[in-house]
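The listed protein sequences correspond, in order, to chains A and B.
The first sequence begins at 0 in numbering that gives the first Met the number 0 and counts up by one.
The second sequence begins at 0 in numbering that gives the first Met the number 0 and counts up by one.
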Amino acid sequence: MNAQIARLFGVIVILFTLLLVWTSRWTVIDATQLDNNPLNRLTLIHQLTIKRGRILADNSAVLAKSIPAGGGTWKRAYPTGSLFAQAIGYSNIAEGSAAGMERFRGPELRGLQTGLSSVFGQLSPRPVGDDVLSSLDPKAQQVAQTLLAGRAGSVVAMDPQTGAIKVMYADPSYDDNHPNPNAPGQFNRSTQGSYPPGSTFKVVTAAAAIDSGKYTPNSIVDGKSPVTISGVPLNNDNNQSFGPIDLTTALTYSVNTVWAQVAEALGRKTMTRYMKRFGFYSKPPLDYPADEINTSRPYSSTGTAYPPGSPNEDIGRIAIGQGGLLVTPLQMAMVAAAVANGGRLMTPHLASRVVDPSGRTVETIAPTLWHRVMKASAASEVAQMMKKVVDEGTGTPAQLGSGITFAGKTGTASVGLAGLNLTQPWFIGFAPIQNPKVAVAVTIERSQGGFGGTVAAPIAKAIVQTLLSEGQ
Amino acid sequence: MRARNRELLGLIPASLLVTAGFAGVFIQRQNALTNISLTYGAIFLALCLVTHLFIRFTLPYADPYLFPLVALLASFGVVMVYRIDSTLARQQAQWFVFGLILFVVTIIAFRDYRKLERYRYTIVAVSLGLLLLPRLPGIGAQVNGAYLGVRIPGLFIFQPTEFAKIGLVIFLASYLRDTRQVLVMGARRILGVTLPPLKHFGPVLVIWGVAMIILVLLHDIGSSLMFYGALLSMLYVATGRLSFVVIGVLAFGLGAWFLGTHIQHITDRADAWLHPFDPKLYNQVGGSFQLANGIFAQAAGGLFGQGFGQSVITVPGSNPTAYLIPAPQTDMIYAIITDELGLFGAGAVLIAYLLFVARGFKAAVLARDSFSTLLAAGLSAVFALQVFVIVGGVTRVIPLTGVTLPFISYGGSSIVANFVLLALLLLVSDRARRPERA
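Structure below.
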C-alpha cells in the first residue's frame, strides 16, 4: 500500500500547490487590479483612519481639522463654516466626495504615508497628515461676507506681487460641515461664476493699446455716440457724445465708443494675444480643482465657446466687456494684479506652506511668474489711468483717503431682459499704486439698477482698507 | 537526538510565533502588555509543555513532529482569533484545554487502538446519526443556508461533521482492511472497466450513499467533498485500483453538476464562485460579498502582509458593527492570515499543514498492519482535504463552503475533534515505531 500512499501524497502536494498559486494570484499578480476594484472599500477605509492635517488661515486660525469619528476613524470639521466653505471646500471620505482645497491638497493633508510595515505592523502611531497653511485672511473674508450681505456675488482679493489669494468669498455660501451637492453655495461663484465683465474689461483693452505701442494715454480718439461697430450701432451711456478725448479721459469716464474703436484698430489678433496673456481662454493655474474653475472667454449667443481669435468674435464689443464675453471674479482679480505688478502676472495660489505634524516645513509654495503680460512702463501708464478713475471718474466711492492711492475700474453690465433694469456691477482695482499690496475684484449678481461705482466699489474699498491695515 | 527531545525543540517555533504574534497585536492596539493579555501566551505555552511531557511518558516512540506542527498551527489560531475578538480567544483557549483533555483520554482509553475495529458498525452508525442531527427540528441550526450545526441551548453550536469524519475513517479503515483483497481479486471487467464485486463493495456504497444524501439534505458541499475525497483516497490506498477512483470522481462530478443546477443554495455558491466581482451578486444576500472581500483582504496583504492586527475586518465606526469580512474567525481566517502575514505567511501555514500530512502518511507507511496504515492514511487524507476545501474556497480554487481550518479557526468542535485525530495518529505512529521486542 506504500506506493499508493506516496502517489496520494503527490496528489495532495499538487492540490496544495494550487492553493499557493491562487494565493499568489490574489496577493501579487492581481493585487493592484483588486485594490482598484470599485467594490473594494479597503483603500477608502484606510483613508478614514488617517488623521488629515489641518488647513489654517494666514493668522493660524483653524479653517479645517479632523475630529474622532469612532473606531479609530476621523471626520472633518470646519469651525468657520460658510465663511470659508467655498475656498476650503470639504472632504467626505465615507461618501467619496470632496471639493475645494480639501480636494486639491488631499495628498498633503493625508501626508506621506509610505505604508512601511513589518510583522509588528506600523510601529509609529496612527498616520497623521500634514497641515496646509493658506494665505486666506479671516478678517478681510469676514468683511466680504458682511458687505455682500447675502446678495449673490463674489469678492476675490490677492497679493499681486506673490499671487497669494487673501480673500475668496461668494454668496450664497454653504455650511461645509454638512455638504450637499445640490446646495446652491457649493457652486463657487469666485471661480465658477461666469459673468459679463462690463467696463472693467477696458483695462485689458487699455493694456493692449498701450503695450502694443499703437497708443499712448494721451492718444486722441473721437468719443462720439453712436459708432457703428461690427455693423451695429454702439452707444455710450445715455447716448452721450464726448467728442475727441484722450484715452485717460476715456477710461476715467468709461467711454464705450472710444475703446471699441481702439480694439478694432488694434485688431482681433492683438486683442486676443493680450487676452491670452491676462489668462483668458485658459484655466487659471490656481491650486484648486480644475473642474471647479471656469475659463473666462467669449461665447456665442448659443453658448458655445469661441476659439481664440475667431472671426465670429465681435472684438469691438468684447473690448468693452460685452460681445458674449463671460468671466470669473478670480480672472478679473488677476487682471488687476497683472497691472499692479508691473505687467507680471503671478500664479495665483491659496496655499502658502505645507507643515508636517512635528512643525517642519515640508513644502513652501513660492511665488512664480505665470505670464509676462506687458512691459513695466505700459503697466505703470495703465495704472495711472486707473488711478484717475478712482480720483475723479466713475470709481470715486472707492477713494481710500489718508493719502493711499487706489487704481481701479468700474463696470456695470446689463443682464437679463431689457426693461427689467438688472445689472451686474463690478469693481476691480489695486492699492497702493506704488508697491501694490492688494488686487481686488468685486461683483454682485443681478443688482436692481446698481452701478459698479455705487455698489461694488465700496466693498472693494473696505476690503483694501482691511488688508492694508493688517499689513502694517 | 531522541525523538521526544526533537519534539521539545520543535515547540520553539510555536513559542516564538505566539510571542511575536501577541506582541504585534498589542503594539498595534497601542495598549501596554497587560498581565491578562500576556497570560494567553503563557498558558498556551504551558499547555504545550504539559502535553509534551504526557506524550513523553505515554507514547515515547510516536512521531516527534506531529505535535510541534499542531502547536505551531494552534499558535497561529490563538493569535489570529485573539486579534479578531479577544472574547472568542478566551473561549478558544477553553476549547483548547478541553481538546487536550480529550486527547489525553483518547490516548489512555485506546492505547491499543485496534480494539476500535470491534466497534466499527457502532462507530459508523453513530457517525451517520451525528450527521443527521442538524436536520432534526428544534436543535438543528441553519447557517448561511447550510445545516451545519446542532444548537446545544445556552452553550454552543456543535458541529457533528468534525467528529463524523473521524468515525467514518475508522470504519473504512477497518472494513477495507477486511475486504481489500476481495475487492481486487473479485473484480470483473465489464465493458473494459474494472468493477469491484458488489457483495463486498456494497456496504461501502450504501453507507456512503447515505452519507451523501444526508449531506445533500444538509446542503454542506464542503464536508461532502471532504468525505467523498477521503473515501476515494482510502479506496485507492487499499486496492491500488485507479479505475475505482476515476469512476468515483466521474460519479461525483455528475452528482455535483446535478445538485449545482437544482439546489438553490449550491447554485448561489457556484455563481458567487464564478463571478465574485459582479456587482449584482456582490450585493445579493448570500452572494459573493464574503468571497470578494476575502480576496480584497488577500490583495491588501501582498508579499509580506500588513502585520499582525492590521487587517480591516469591520467597517470602522459602524454601530452595530458591520463586518467587511463575515465569519473572519472561522471560514475566512485564511484570508485574514494572508492579509496580515502576506503570501509568505500564508505559504508557511500551508507548508505546516503539508508537513503534518506528510508525517501522518509517514506513520501510515511505517505501520505494521493494514488497519493502522489505512487509519493513518485516511486521517491524514481527510485532514488534508479539509484544509484544501476551506483554503481552496477562500482563494477561489473551488466554491466557498463553510468548513473550519483545522487548529486555526475558532470553533470548539473543530479543535476537539482534531485533537482526537492527532491522538489517533500519534497512537498509530507510536506502535509503528516501537522497537520489536527481542
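All C-beta atoms in this analysis are idealised placements derived from N, C-alpha and C, irrespective of residue type, glycine included.
Since we're looking at a predicted model, the values are computed, not measured.
Which of helix, strand or coil DSSP assigns to B:Arg432: Three-state DSSP puts B:Arg432 in a helix.
Under 8 Å: do the stretch 291 to 301 of chain A and the stretch 325 to 342 of chain A share three or more Cβ pairs, one atom per stretch? These segments touch.
Taking the alpha carbon of B:Gln289 as the reference point, which residue from B:Gly300, B:His274, B:Gly301 has its own alpha carbon closest? With distances taken between Cα atoms, B:Gln289 lies closest to B:His274.
Would B:Leu353 pass as an interface residue toward chain A - the criterion being a Cβ-Cβ separation below 9 Å? At least one chain A Cβ lies under 9 Å of B:Leu353.
Tell me the DSSP secondary structure of B:His51 in three-state form. Correct three-state label for B:His51: helix.
Could you tell me whether the stretch 330 to 350 of chain B touches the stretch 399 to 413 of chain B, where touching means 3 or more Cβ pairs closer than 8 Å? Cβ pair count under 8 Å is three or more, so yes.
Report the residues of the stretch 295 to 316 of chain B with a CB closer than 8 Å to any CB of chain E, ordered along the chain. Of the chains in the structure shown, none is chain E; the protein chains are A and B.
Below 9 Å on C-beta distance, what does B:Phe360 contact in chain A? Within 9 Å of the CB of B:Phe360, the CB atoms of chain A belong to Ile4, Ala5, Leu7, Phe8, Ile11, in sequence order along the chain.
Distance check for B:Ala296 and B:Arg5, CA to CA, integer angstroms please. So the alpha carbons of these two residues sit roughly 37 Å apart.
Report the option in A:Arg150, A:Leu132, A:Val154, A:Ser133 whose CA atom is closest to the CA atom of A:Gln546. Outside the modelled stretch of chain A, which goes from 0 to 471, sits residue 546 of chain A, for which no answer is possible.
Which residues in chain B have a C-beta closer than 9 Å to the C-beta of A:Arg40? List them in chain order. Within chain B, the residues near A:Arg40 are Asn292, Phe295, Val311, Val314, Leu323.
Closest residue to B:Gln263 among B:Ile397, B:Gly300, B:Gly285, B:Val244 (Cα-Cα distance): When B:Ile397, B:Gly300, B:Gly285, B:Val244 are compared, the shortest CA-CA separation from B:Gln263 is found for B:Gly285.
Determine, using beta carbons only, whether A:Ser133 comes closer than 9 Å to chain B. It does not; no Cβ of chain B falls within 9 Å.
With a threshold of 8 Å, are at least 3 pairs of Cβ atoms found where one atom belongs to the stretch 6 to 21 of chain A and the other to the stretch 380 to 391 of chain B? Output reads yes: the stretch 380 to 391 of chain B touches the stretch 6 to 21 of chain A.
Tell me, please, whether the CB atom of A:Ala76 is closer than 9 Å to any CB atom in chain B? It does not: the Cβ of A:Ala76 has no partner Cβ on chain B nearer than 9 Å.
Apart from the five residues on each side of it in sequence, which residues of its chain come closer than 6 Å, Cβ to Cβ, to B:Ala13? Within the same chain, B:Ala13 has close Cβ partners Ala70, Leu71, Ser74.
Please compile the residues from chain B whose C-beta is within a distance smaller than 7 Å of the C-beta of A:Ser23. Residues of chain B whose Cβ lies closer than 7 Å to the Cβ of A:Ser23 are, in chain order, Leu342.
How would you label A:Ser96, buried or exposed, when you count the other beta carbons within 10 angstroms and need 16 or more for buried? With a threshold of 16 other beta carbon atoms within 10 Å, A:Ser96 falls short and is exposed.
Going along the chain, which residues of its own chain have a beta-carbon closer than 6 Å to the beta-carbon of B:Ala271, five neighbours each way excluded? So the qualifying residues of the chain are Leu280, Gly286, Ser287, Leu290.
So that I know if they touch, is there some Cβ in chain A lying closer than 9 Å to that of B:Gly401? Cβ-Cβ to chain A under 9 Å: no for B:Gly401.
Contact belief for A:Ala375 with A:Pro159 at Cβ below 8 Å, rounded distance in angstroms: Not really, about 13 Å apart at Cβ, beyond 8 Å.
Report the rounded CA-to-CA distance for A:Ala93 versus A:Arg276, giving the unit in angstroms. Cα to Cα, the separation comes out at about 41 Å.
So what does DSSP say about B:Gly392, is it helix, strand or coil? In this structure, B:Gly392 counts as helix in the three-state DSSP scheme.
In chain A, which residues lie with their C-beta within 8 Å of the C-beta of B:Arg110? Against B:Arg110, chain A offers no close residue; the least beta-carbon distance is about 24 Å (beta-carbon pairs closer than 8 Å).
DSSP state of A:Gly114 mapped onto helix, strand, coil: Residue confidence for A:Gly114 is low, a pLDDT of 43 falling below 50, so the modelled location carries little weight; the figure read from the coordinates is stated next. Reduced to three states, the DSSP call for A:Gly114 is coil.
By how many angstroms is the C-alpha of B:Leu234 removed from the C-alpha of B:Asp429? Here the C-alpha atom of B:Asp429 lies approximately 25 Å from the C-alpha atom of B:Leu234.
Note the first and the last residue of the continuous beta strand (DSSP E) segment covering B:His218. Per DSSP, B:His218 is not a residue of any beta strand (DSSP E), being assigned neither H nor E.
Reducing DSSP to helix, strand and coil, say where A:His370 ends up. DSSP places A:His370 within a strand segment (E or B) once states are collapsed to three.
Closest Cβ-Cβ distance between A:Val127 and chain B: below 9 Å? Not an interface residue.
Would you be able to state if there are at least three C-beta pairs under 8 Å between the stretch 421 to 432 of chain A and the stretch 403 to 411 of chain A? They touch, by the three-pair rule.
For A:Phe119, collect the residues of the same chain with a Cβ closer than 6 Å to its Cβ; drop the 5 residues on either side in sequence, then sort them by chain order. Because the pLDDT at A:Phe119 is just 45, under 50, the model does not fix this residue reliably, and the point stays unresolved.
Are there 16 or more other CB atoms within 10 angstroms of the CB of A:Gly418, so buried, or fewer, so exposed? A residue is called buried once 16 or more other Cβ atoms fall within 10 Å of its Cβ, and A:Gly418, having fewer, is exposed.
Cβ-Cβ distance between B:Ile83 and B:Ile312 below 9 Å: Cβ distance < 9 Å, so B:Ile83 and B:Ile312 count as in contact.
Curious, which full-length alpha helix (DSSP H) runs of at least 4 residues does the stretch 320 to 407 of chain A contain? Assignment of alpha helix (DSSP H) within the stretch 320 to 407 of chain A, counting only whole runs of 4 or more residues, yields 328 to 339, 375 to 391 in chain order.
Comparing alpha-carbon positions, which option in A:Arg267, A:Ala30, A:Gly394 lies nearest A:Thr204? Answer by Cα proximity: A:Arg267.
Distance cutoff 9 Å, beta carbons only. Does B:Ser178 sit that close to anything in chain A? Going by the sequence as given, residue 178 of chain B is Thr instead of Ser. Taking a beta-carbon distance threshold of 9 Å, B:Thr178 does not count as an interface residue toward chain A.
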